[in-house]
Amino acid sequence: MPQFGILIPGSEVKYDFEQYGDKGVVTIQNPGAVNVIGFFMNTPLADSTVGATLSYSMPPEYSGLIFIGAIANVRPSDIFHTGWALNPNVNQLSELKLICEIQQ
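For the sequence shown, counting from 1, position 26 maps to 32 in the numbering used here; every step adds exactly one.
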């Protein structure tokens, strides 16, 4: 089972992170319709001094990361409000990328 998952209300759980170096990336369609994101661990992190961050990046270059939130062994799941419906930089996009990264 994958270590992390993403849950968007009305959608199936997403485990299909593509690995790019030390980051896991998943594409989200129609982000303007996504009000909340559930982010969770299926197994604890081996190092209890680190956590998993969730960020997003927008097309066309996908060059920057915008922090959404983080989870760790002491809090292995959380629900994050995106605000994307009210964000004119996001609500017109057809997709964006969610990025999961282990950080200290």
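Cβ coordinates follow ideal geometry from the N, Cα and C atoms, glycine included.
Checklist entry - In chain order, what residues of the same chain have a beta carbon less than 7 Å from the beta carbon of Asp22, not counting five sequence neighbours either side? => result If we look at Asp22 and ignore the five residues flanking it on each side, its Cβ neighbours are Val32.
Checklist entry - Assuming Ala58 contacts Ala76 under a Cβ cut-off of 8 Å, what Cβ separation, rounded to an integer in Å, is found between them? => result 6 Å
Next on the checklist: Can you find the residues in the same chain that come closer than 6 Å, C-beta to C-beta, to Pro50, ignoring five residues on each side of it along the sequence?
Outcome noted: Asn79
Item to check | Entirely enclosed alpha helix (DSSP H) segments - the region 15-70, minimum 4 residues | outcome: The alpha helix (DSSP H) runs lying completely inside the region 15-70 and spanning 4 residues or more number zero.
Checklist entry - What is the DSSP secondary structure of Leu92, reduced to helix, strand or coil? => result helix
Checklist entry - Do Val42 and Ile108 come within 8 Å of each other at the CB atom, strictly closer than that value? => result Ile108 places its beta carbon 8 Å or farther from that of Val42.
Checklist entry - For Phe73, is the classification buried or exposed, using 16 other Cβ atoms within 10 angstroms of its Cβ as the cut-off for buried? => result In the assembly as shown, Phe73 is an exposed residue. Its beta-carbon has fewer than 16 other beta-carbons within 10 Å.
Checklist entry - Beta-carbon separation of Ser63 and Ile105 under 8 Å? => result Going by C-beta atoms, Ser63 is nearer than 8 Å to Ile105.
Item to check | CA-to-CA distance, Ser100 to Ala91, given in whole angstroms | outcome: 13 Å
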